[in-house]
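Peer 1:
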Amino acid sequence: MSLISCKSIISQDWDTVFQTLPGSPAMDHKEVILLFLLFLKSGQGISQDDYENTRGASLVSLTKKQLGAANIDECAAKCEEETEFVCRSFQYHSKEEQCVIMAENSKSSPIIRMRDVILFEKKVYLLECRTGNGKNYRGTMSRTKSGVTCQKWGATFPHRPNYSPGTHPAEGLENNYCRNPDNDPEGPWCYTTNPDKRYDFCDIPECEDECMHCLGENYMGKISTTVSGLECQAWDSQVPHAHGFIPSKHPNKNLKMNYCRNPDGELRPWCFTTDPNKRWEFCNISRCTTPPPPPGPVYQCLKGRGENYRGKVAVTVSGRTCQRWSEQTPHKHNRTPENYLCKDLEENYCRNPDRETAPWCYTTDSKVRWEYCAIPSCESSQLSAEHSDGPALPEQTPVVQECYHGNGQSYRGTSSITVTGKKCQSWSSVRPHVHGKTPENYPNAGLTMNYCRNPDVDKSPWCYTTDPSVRWEYCNLKKCSETEGSVVESQTTAQVPSVQATSEPDCMVGYGKEYRGKMATTVAGIPCQGWADQEPHKHRIFTPESNPQAGLEENYCRNPDGDFSGPWCYTMSPTKLYDYCDVPQCVTAPSSYDCGKPRVEPKKCPGRVVGGCVANPHSWPWQVSLRTRFELRHFCGGTLIAPEWVLTAAHCLEKSLNPAFYKVILGAHQEINLESNVQRKDVTKLFLEPHRADIALLKLSSPAVITDKIIPACLPSSNYMVADRTLCYITGWGETKGTYGAGLLKEAQLPVIENKVCNRFEYLNGRVKPTELCAGHLAGGTDSCQGDSGGPLVCFEKDKYILQGVTSWGLGCARPNKPGVYVRVSTFVKWIEEIMGTN
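Mapping of the sequence shown onto the UniProt record's numbering: residues 1 to 839, in sequence order.
#1: Which residues share a DSSP beta bridge with K367?
#2: Are the CB atoms of Y191 and C150 within a distance shorter than 9 angstroms?
#3: Would you identify the three-state DSSP class for T838, choosing helix, strand or coil?
#4: Leaving out five residues on either side along the sequence, give the residues of the same chain with a beta carbon under 7 angstroms from the beta carbon of F828.
#5: Of all the options P276, V470 and S224, which has the alpha carbon lying nearest to the alpha carbon of V261?
#6: Note down, in chain order, each residue of its chain lying with its Cβ closer than 6 angstroms to the Cβ of P455, except the 5 sequence neighbours on either side.
#7: Excluding the 5 residues preceding and the 5 following Q300 in the sequence, name in chain order all residues of the same chain whose CB lies nearer than 6 angstroms to its CB.
#8: Just to confirm my understanding: we take Q749, look at its own chain, exclude 5 residues before and 5 after, and list those with CB closer than 7 angstroms. What are they?
#9: Going by DSSP in three states, V315 sits in which element: helix, strand or coil?
#10: If you draw a straight line from the C-alpha of N559 to the C-alpha of C636, how long is it?
#11: Under the three-state reduction of DSSP, which class applies to T827: helix, strand or coil?
#12: Only counting runs of 3 or more residues, tell me where the beta strand (DSSP E) segments fall wholly within the UniProt domain "Kringle" (210-288), in order along the chain.
#13: For R767, does the count of other Cβ atoms within 10 angstroms reach 16, so buried, or fall short, so exposed?
#14: Roughly how many angstroms lie between the CA atoms of L393 and A615, to the nearest whole one?
#15: In angstroms with no decimal places, state the Cα-to-Cα distance between C75 and S469.
#16: What three-state label does DSSP hand C99 in the structure shown?
#17: Taking its Cβ as the centre, do 16 or more other Cβ atoms sit within 10 Å of T316, making it buried, or is it exposed?
#18: Would you mind working out which of S248, E601 and W472 sits nearest G413, comparing C-alpha positions?
#19: In chain order, what residues of the same chain have a beta carbon less than 7 angstroms from the beta carbon of S428, not counting five sequence neighbours either side?
#20: In terms of residue numbering, what span does the alpha helix (DSSP H) encompassing A77 cover?
#21: CB P770 to CB A314, shorter than 9 angstroms?
#22: Assign D264 to buried or exposed, taking buried as 16 or more other Cβ atoms, counted over all protein chains shown, within 10 Å of its Cβ.
#23: Give the secondary structure of I832 by DSSP, where H, G and I count as helix, E and B as strand, and everything else as coil.
#24: Out of D182, P712, F761 and K332, which one is the CA nearest neighbour of D594?
#25: Do you know how far the Cα of Y511 is from the Cα of Q679?
#26: Since V823 contacts A649 with CB under 8 angstroms, what's their CB separation in whole angstroms?
#27: Under 8 angstroms, with one C-beta from each stretch per pair, do the stretch 285-302 and the stretch 323-336 reach the 3-pair mark?
#28: Is it buried or exposed, K709, if we count other Cβ atoms within 10 angstroms and call 16 or more buried?
#29: Between L40 and Y464, what straight-line distance do the alpha-carbon atoms span, to the nearest angstrom?
#30: Measuring CA to CA, which of W360, W235, L764 and S416 is closest to G820?
#31: Can you list, in chain order, the residues of its chain with a C-beta nearer than 7 angstroms to that of S318? Leave out the 5 residues immediately preceding and following it.
#32: So H537 and L577 are in contact, right, with Cβ under 8 angstroms, and what is the actual spacing, rounded?
#33: Output needed for I641: all residues of its chain with C-beta closer than 7 angstroms, excluding positions within five of it in sequence on either side, in chain order.
#34: When DSSP builds the beta bridges, which residues end up paired with G551?
#35: What are the residues that DSSP puts in a beta bridge with W360?
#36: Whole angstroms are fine: how far does the CA of W189 sit from the CA of T92?
Rendered as structure tokens:
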């Protein structure tokens, strides 16, 4: 008797049916395994890898149990062992050593912010796809492939079921969701609400574990060899190939181990290889046999990057007609409907199949290969005038408060980085974290873009993060000194202090994981319990023995678990298990300076120094102007990296190798009418990179006097790789091609483009070297240009600007498909430090 045929039986004594199966002479080992799977307890053998975890998230649950647990594994085991309800999630509170197991997950219940908690949700209940024949499918699809609504498994009308929650409690027969309780090879099914159709199958797509839909953007499998058999390089490795697809910087791309992935919109998943002579290669992954999951909502207007735009605009921004995607004239290309499945490349409509910044198309003009399209925005309002290109006179320049008063509820600065260096999620976005703290719900909270705010009166400004595994964090801001008003302050010191002597200030850096001071009372003034003591509170996790590197001495405030709320301790109050300590942030001594930390907040205009906007005066205080000694005309830029040293491009020194030929101007905002505060320095030595890279060092005749208007940029760590799509900034007085701001220092925000992408045929076609990096908008309109050469490309990292590039070359200025190329400074850090250390 076939198990599959059981769906068609109107009524049956199931004890009779299964009584004969185990003894059936026709049964082989496969059928025994089938029976084992059929009656296997739900969730048996699940590990932490089978859970999605989110730090700082707490689920609002109605069906739950609070239990004690020494660690996360013990909590997971309690979830698996639960029999009174189906445990779909749990959350673990480490300091309380408390486990809460729950019947709900984020698909059915809201999530709120909470400190000291990690939410774990079983992936099987979050997925809306099936693995294999979907025996373990636990999604919420409740219609058949013909669109008929499913009957509830516990109902007896219109069909009397053979499979019900009572007869098969381990099969997840909840509500009317599609399931596969009999291991049918065709996949999940259900009894239907159509009296004439007893059951039908459901159209559940396959999970992209060992097969792929579309371009494999969501492939999560473990294939790690290329089409030619080469082993893949781990994504978190930079050997043998340095690259910008860094897992921590691309948390949504699931760049795990050395598994094949598609983070950049290629034709299919790929990887960097372990062969030094082959940088990357495609992987051989089969296509799934089921239809892909639905793409989600589609729009007739521009939302985000326009990847779900399905309107019928077929004209570019310049008025050119779009070429049909299926045609190869006048432009040959591979963005065809056959190659780019699921991207709706119909007719000649503007689309965004490959992760561009907006919908685009190839044009019917043989001289213009492609252009972006003018798609009306879905947003009701545009960005405010704060990002316009109007004049920015010194007396009108905003000095934005980059520290906060009180609890920071009134903070309106532009910081958007958390204490651990994560980028903030936009308040108007619900990806990756769904939330209710939107500008509409909190109209007076200043929830602009992704800037740090405090809409719910927490202890300090915070934000949701762009990392799916970390729901929220406090921001990397410090409290304003009560005597300093709203003057922009440095956020933290650049270096983590060593263990402090008693004469040093008792302060912390960042969130205080390395704090070793002697504060021993909580913010409420309650004395701390000794870490080695078990009275008045018993605890097992955070003891000197279990955490020997955490500095758990005496009863001093510490942060052994990296809590983003800062140092804490167990308290001497029997009714208060633990609380946080009010440890202040360390402040740099007035006589010193922090590299990469301007005293005037940069405008950071997001506009599309051609394009860009006029900078706030002195907001990029490391920018220098390189001039000839006698003519004093600006011809190249440079970057102050230490009081005596300037970094520039080697090609800027082609006029002469005599250092006396050059003069450096520091602290300027206007190119010609130099302000009284500028410093003029002669050059005493110049050093060209010995292997002819386009980078050079200039030694000044005397150290620059560091002021609020003259501050060096920070150097990156050696061989540091800037992540793909990182937003960085270029500055300079170069050619503006008729755009506003000639003669004033301009800035522009540009995304870094990974060399693999930049070297594609349609962009720079293999010209970019590993010692260089690309940055720019592929649409054109914003770029460095003549006169900007040698100037800085700086990227904001946690709390300071770091010099990642020296403006080097480009194919024209701000041309479409031709991003600018910059010398990768991190490649030459050892050479730079050696020159500065010996001269």
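Where is the CB? At the ideal position from N, CA and C, for every residue including glycine.
Peer 2: Short version:
#1: Bridge partners of K367: none, in fact.
#2: yes
#3: helix
#4: E689, A693 and I695
#5: Note on residue identity: the sequence assigns Arg, not Val, to residue 261. Of the listed residues, the one whose Cα sits closest to R261 is S224.
#6: K437, Y442 and A445
#7: G311
#8: So the qualifying residues of the chain are K604, C605, P606, L727 and Y729.
#9: strand
#10: 48 angstroms
#11: helix
#12: 270-272 and 280-282
#13: R767 comes out exposed.
#14: Interpretation of L393 is limited by its pLDDT of 32, a score under 50 that renders its predicted location unreliable; no figure is taken from the coordinates.
#15: 19 angstroms
#16: strand
#17: Around the C-beta of T316, 16 or more other C-beta atoms lie within 10 Å, and the residue is accordingly described as buried.
#18: E601
#19: T438 and P439
#20: I72 to E81
#21: no
#22: Label assigned to D264: buried.
#23: helix
#24: P712
#25: Straight-line Cα distance between these residues: approximately 38 angstroms.
#26: 7 angstroms
#27: Remark: fewer than three beta-carbon pairs, one from each stretch, lie closer than 8 angstroms, so the stretch 285-302 and the stretch 323-336 are not flagged as touching.
#28: buried
#29: Confidence at L40 is low in this model, with a pLDDT of 35, below 50, so its placement is unreliable and the value that follows should be read with caution. Each residue's alpha carbon lies about 39 angstroms from the other.
#30: L764
#31: E371
#32: 5 angstroms
#33: L647, P712, A713, L715 and L803
#34: Within the DSSP bridge table, the entry for G551 names no partner.
#35: R351 and Y372
#36: Here residue 92 turns out to be Tyr, not Thr, going by the sequence shown. About 35 angstroms.
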